[in-house]
Amino acid sequence: MSEEPIVGSGEDPPYVPDFDISKPTIARVYDAILGGKDNFAADREGAATFMKYVPSSREAALDNRDGLNKGVTYMAKQGIDQFLDIGAGLPTNQNTHQVAQAVNPDAKVVYVDNDPIVLAHGRALLARNESTLIATADLRDPSSILNHPDVQKMIDFDRPVGLMIVGLMMHFHPDEQPGVWIRSLVDACPSGSYFLCTDFIDEGYAEQKAIERASLESLGNGWIRTPEQIEAHFQGLPLIPPGMDYISRWFPEEPDREVPAVEDLEPHQRIMAGGIGYKE
Ligand SMILES: C[S@@+](CC[C@H](N)C(=O)[O-])C[C@H]1O[C@@H](n2cnc3c(N)ncnc32)[C@H](O)[C@@H]1O
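Note that the sequence shown covers residues 37 to 316 in the numbering used here.
Structure representation (structure tokens):
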């Protein structure tokens with residue numbers, strides 16, 4: 037693995053976006069919550085709003101990162117060697133390529149995000165290797181992802197794909213029908229593919245309502261969903277054991293592990309839920 041900075045496909049001149057730093061963005065607020073440095077005052081205010089309503093927001097975000105780690109490790113161990121990580125976020129600890137390449141050094145990853153800051157910082161901060169690219173594209177327009185030159189260059193849709201939408205679905209209201217976008221992506225992946233997804237869950241706990249309030253107040257979006265609504269993200273794909281669950285007690289590599297009852301979890305452990313679907 038070489039250590040040069042990421043340079044995308046290498047075909048276009050470097051894109052230097054003109055960031056509007058007066059308004060918070062999802063990527064930068066999340067970075068601020070995680071304690072990263074790629075954020076501005078408006079983003080830190082947004083993060084403070086999360087902390088005001090849910091003091092353990094950082095731990096909840098770390099639980100979500102843990103879900104990414106567990107899910108990618110599982111998929112890589114099943115032999116998945118190409119990952120499409122949509123809503124990738126700013127580089128942090130244990131990014132998808134590091135997790136996947138710890139299992140299989142040849143695993144390929146394309147990160148997709150609609151916030152150009154992810155491309156800019158990703159290029160600067162992520163370790164470059166021949167197997168990792170970052171594309172600016174939008175989940176709301178799946179063809180912008182599927183037809184992106186870097187996606188086409190790196191992902192072979194004739195072979196199983198590890199499709200990922202982690203920590204992103206909450207930012208779309210159900211009325212936007214995000215399932216239609218997911219369906220296009222799942223349809224583009226062949227059998228043998230996996231789909232890892234996490235979301236804010238709603239089972240009536242106070243911290244769940246509080247995270248929705250925080251997200252709506254700071255970002256203008258960020259809705260909680262019932263378990264049934266989260267399961268619907270998987271488009272009818274069978275879920276690998278133990279199914280969809282709170283990330284804090286979700287262990288795809290040990291589906292029979294004894295886990296605490298939901299009421300015994302800490303508040304931050306009751307915010308993120310997710311699972312992995314398998315395309316037969
Ligand atoms: C909360 S972060 C999650 C980062 C990472 N996946 C994780 O779970 O730790 C959500 C990311 O999705 C990106 N995003 C928001 N809307 C998007 C869209 N329509 N298409 C692609 N990415 C989007 C944001 O810019 C942000 O980087």
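Glycine residues also receive a C-beta, built at the ideal position from the N, C-alpha and C atoms. From a predicted model like this one, the values you see are computed outputs, not experimental measurements.
Practice task
Look up Lys59 in the DSSP assignment and say whether it is helix, strand or coil.
Solution key: In the displayed model, Lys59 falls within coil according to three-state DSSP, outside both helix and strand.
Practice task
Label Glu248 either buried or exposed according to how many other C-beta atoms from any shown protein chain fall within 10 Å of its C-beta, with 16 as the threshold for buried.
Solution key: Taking every protein chain shown into account, the CB of Glu248 has 16 or more other CB atoms within 10 angstroms, so this residue is buried.
Handout entry: Three-state secondary structure (DSSP) of Asp177
Key = Residue state, collapsed to three classes: coil.
Practice task
Specify, as a first and last residue, the run of the alpha helix (DSSP H) that Pro139 falls within.
Solution key: Just to set this straight, residue 139 is Val in the shown sequence, not Pro. That run of the alpha helix (DSSP H) goes Thr132 to Val139.
Practice task
Give the straight-line distance between the Cα atoms of Arg64 and Leu70, rounded to the nearest whole angstrom.
Solution key: Rounded to whole angstroms, the separation of the alpha carbons of Leu70 and Arg64 is 10 Å.
Practice task
Note down the Cα distance separating Glu40 from Gly258, rounded to an integer number of angstroms.
Solution key: Any reading at Glu40 must be qualified, since the residue scores a pLDDT of 34, below 50, and its modelled position is unreliable; the value itself is stated next. Answer to the nearest angstrom: the Cα atoms are 36 Å apart.
Handout entry: Buried or exposed by the 16-neighbour rule on C-beta atoms within 10 Å, applied to Pro296
Key = Within a 10 Å sphere around the beta-carbon of Pro296 sit fewer than 16 other beta-carbons, which makes this residue exposed.
Practice task
Say yes only if the C-beta of Tyr66 is nearer than 6 Å to one or more non-hydrogen atoms of ligand 1, and no if none qualify.
Solution key: Checking the Cβ of Tyr66 against ligand 1 gives yes.
Problem - Opening and closing residue of the alpha helix (DSSP H) in which Asp121 lies - result: Careful: Asp121 lies outside any alpha helix (DSSP H), inside the beta strand (DSSP E) at Gln118 to Ile122.
Exercise for the section: Could you tell me whether the stretch 230 to 240 touches the stretch 259 to 267, using the rule of 3 or more Cβ pairs below 8 Å? Expected result: By the Cβ criterion, the stretch 230 to 240 is in contact with the stretch 259 to 267, since at least three pairs of Cβ atoms, one from each stretch, lie closer than 8 Å.
Exercise for the section: Note down the Cα distance separating Glu288 from Asp281, rounded to an integer number of angstroms. Expected result: It should be noted that the sequence gives Pro, not Glu, for residue 288. In a straight line, the C-alpha of Pro288 is about 10 Å away from that of Asp281.
Handout entry: Per DSSP, cross-strand counterpart(s) of Gly310
Key = According to DSSP, which records beta bridges pairwise, Gly310 is partnered with Thr234 and Asp281.
Problem - Closest Cα partner of Asn100 within the set Ser284, Ser220 and Glu81 - result: That would be Ser284, whose Cα lies nearest to the Cα of Asn100.
Exercise for the section: Quick one: grab the DSSP three-state call for Thr262. Expected result: Note: Thr262 maps to coil in three-state DSSP.
Practice task
Could you please give the first and the last residue of the uninterrupted alpha helix (DSSP H) stretch that includes Tyr110?
Solution key: Its alpha helix (DSSP H) spans residues Ser93 to Lys113.
Exercise for the section: Please report how far the alpha carbon of Arg219 lies from the alpha carbon of Asp177, in whole angstroms. Expected result: Roughly 12 Å separates the two Cα atoms.
Handout entry: Gln134 and Ala143 closer than 7 Å at C-beta
Key = For the pair Gln134 and Ala143, the CB atoms are not nearer than the 7 Å cut-off.
Exercise for the section: Pick helix, strand or coil for Tyr241, following the three-state DSSP scheme. Expected result: If DSSP states are grouped into helix, strand and coil, Tyr241 belongs with coil.
Exercise for the section: Specify the secondary structure class of Gly198 as computed by DSSP and reduced to three states. Expected result: In the structure shown, Gly198 sits in a strand (DSSP, three-state: E or B).
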